[in-house]
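One structure below.
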Amino acid sequence: MDIDKKVQLIKVPFGLGGGRAGTELGPESVIKAGLLNQLKSIGVELAGDSEVDCYKHFSGIGGEGKVKHLAEVQEMSRQVSEHVSQAVSSNCFPLVLGGDHSVAIGSLAGLTAHYRNLGVIWFDAHSDMNTEETTPSGNAHGMPLAVALGKAEYKLTDIPGATLINKDKLVIIGARDIDPGERELIRSEGIACFTMHDIDKLGMKTVVEQAIAIVGEGTDGVHLSFDLDSLDPLVAGGVGTPVPGGLSYREAHFAMELFAESGKITSMDIVEVNGVLDYDRRTARHAVELAASLLGKRIL
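Right, here's the structure in full:
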C-alpha cells in the first residue's frame with residue numbers, strides 16, 4: 074500500500090451470491106470486531122466509509138436461470154463498481170468489506186475502469202471460476218473470476234467502464250476444492266494457481282515471491298481479494314463454505330506481511346465472513362487482523 078493514501082471503507086452487506094444466509098452481516102461483524110480501532114492504532118488514515126444499498130432478503134429460491142439471484146448480483150456489482158471507482162478517483166485505497174465473494178465482481182469492475190493492466194491476487198479455498206454451464210450450485214460467489222476473465226455469459230464488461238482482467242496477471246492462492254469445469258479452465262488458460270499442496274511443498278514465502286513476480290511486472294495496480302474460507306476451518310470456522318486443510322493463522326499473516334512489504338497492493342476485498350455462523354466473532358477478528366497486517370501492522 075502507498076503510505077500516502079487514505080483508506081476508503083466500502084461496506085457491501087450482500088449475501089445472495091452464496092448458498093446460505095449470514096454473509097450479508099459480514100461488514101457489520103468486521104466493524105464490530107474492531108476494524109476501525111485496529112487501523113487507527115497502526116496509523117492508517119480513513120477517508121471515510123460508504124455502504125452499498127443491497128437487497129438483503131435471503132431465500133433459497135433464486136429465480137429463473139442458471140445463476141441464482143442474477144439480477145440482484147448484477148445490480149450490486151454495478152453499485153460496488155461505482156463506489157470503488159470513486160475511491161480510486163479520490164486517490165484512496167479501497168477496502169471492500171463483503172458480503173459473499175460475488176462482491177468482488179463489482180470491486181474488479183471499478184478497479185479496471187482505472188487500472189488498464191490490473192494484477193489480481195485471489196486467496197480462496199475455491200477457484201471461483203465456474204461459468205453458468207459448469208456451476209454445480211448456481212451460486213454467483215463461485216463465479217467472479219469467470220465473469221472477470223470473460224469466460225461466463227455475464228461478463229465484467231457488462232458493467233459500464235469495466236474491462237476484463239488479464240489471465241496472465243491473476244494468481245490464486247490456497248485453493249483445495251476445485252470443480253471439474255474450473256480445473257479444465259485453469260489448465261487450458263495457464264492460470265497461476267497455488268493450491269495447498271503447492272504451499273505445503275514450496276512454503277508461503279516462495280509462493281508469495283512468485284505471486285509478486287507474476288502480478289508485479291507490467292501492472293499499474295494490484296488487487297488482493299481475501300476469502301476467509303482460505304483459512305483452515307479450525308482457525309476461522311465462521312464461513313459459509315468451509316474446506317478442511319486450509320491456511321494456518323501464521324501462514325495467512327506472513328503472506329499479508331510479505332505483500333505489504335512489496336508495496337504493490339492498491340486495494341483489498343475481505344469477504345465471506347458469515348455473521349450467523351461466526352458465533353464467537355473469531356473469524357471476523359481474524360479478518361480485522363489480516364487487513365491490519367496488509368496495511369502495515371508488524372509484530373515489532
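Under our numbering, think of the first position of the sequence shown as 74, with each following residue one higher.
Even for Gly, the Cβ is constructed at its ideal location relative to N, Cα and C.
In this chain, Ser298 is not harboured by any alpha helix (DSSP H); it is covered by the beta strand (DSSP E) spanning 294-300. Excluding five sequence positions before and after Asn347, the CB atoms of its chain that fall closer than 6 angstroms to its own CB belong to Gly95, Thr96, Gly311, Val312, Gly313, given in chain order.
Val157 sits away from Ile238, with the two beta carbons spaced by 9 angstroms or more. In this structure, Ile245 lies near Ala265, with their beta-carbon atoms less than 9 angstroms apart. Taken through DSSP and simplified to helix, strand or coil, Phe332 comes out as helix. Going by beta carbons, His199 and Ser175 fall outside the 9 angstroms limit.
Under the rule that a run must span 3 or more residues, the beta strand (DSSP E) segments found entirely inside the segment 165-213 read 165-171, 191-196. By the neighbour-count definition (other C-beta atoms within 10 Å, threshold 16), Ile372 is an exposed residue.
Between Val295 and Val193, the CB-CB gap stays under 9 angstroms. Gly289 carries a helical assignment under DSSP once its states are collapsed to helix, strand and coil. Between the C-alpha atoms of Gln159 and Glu257 there is a straight-line separation of about 36 angstroms. The C-beta distance from Gly319 to Met269 rounds to 7 angstroms, short enough to meet the 8 angstroms contact threshold. Here the alpha carbons of Glu282 and Glu290 stand approximately 12 angstroms from one another. When the Cα atoms are used, Val316 and Ala248 turn out to be separated by approximately 10 angstroms.
Per DSSP, the unbroken alpha helix (DSSP H) holding Ile272 starts and ends at 269-275.
Going by beta carbons, Val146 and Val169 fall outside the 9 angstroms limit. The C-beta separation of Gln111 from Val361 comes to about 5 angstroms, placing the pair in contact by the 8 angstroms criterion. Looking at the backbone, the Cα of Ser150 and that of Gly183 are separated by about 9 angstroms.
Between Lys240 and Gly263, the C-beta spacing is below 9 angstroms.
Separation of Leu297 and Cys165 (C-alpha to C-alpha, rounded to the nearest whole angstrom) is 15 angstroms. With fewer than 16 other Cβ atoms inside 10 Å of its own Cβ, Arg323 counts as exposed. Comparing C-alpha distances from Gly336 to each of Leu368, His326, Thr356, Asp342 shows the shortest one belongs to Leu368. Under the DSSP assignment, Glu145 falls in the alpha helix (DSSP H) whose first and last residues are 143-162.
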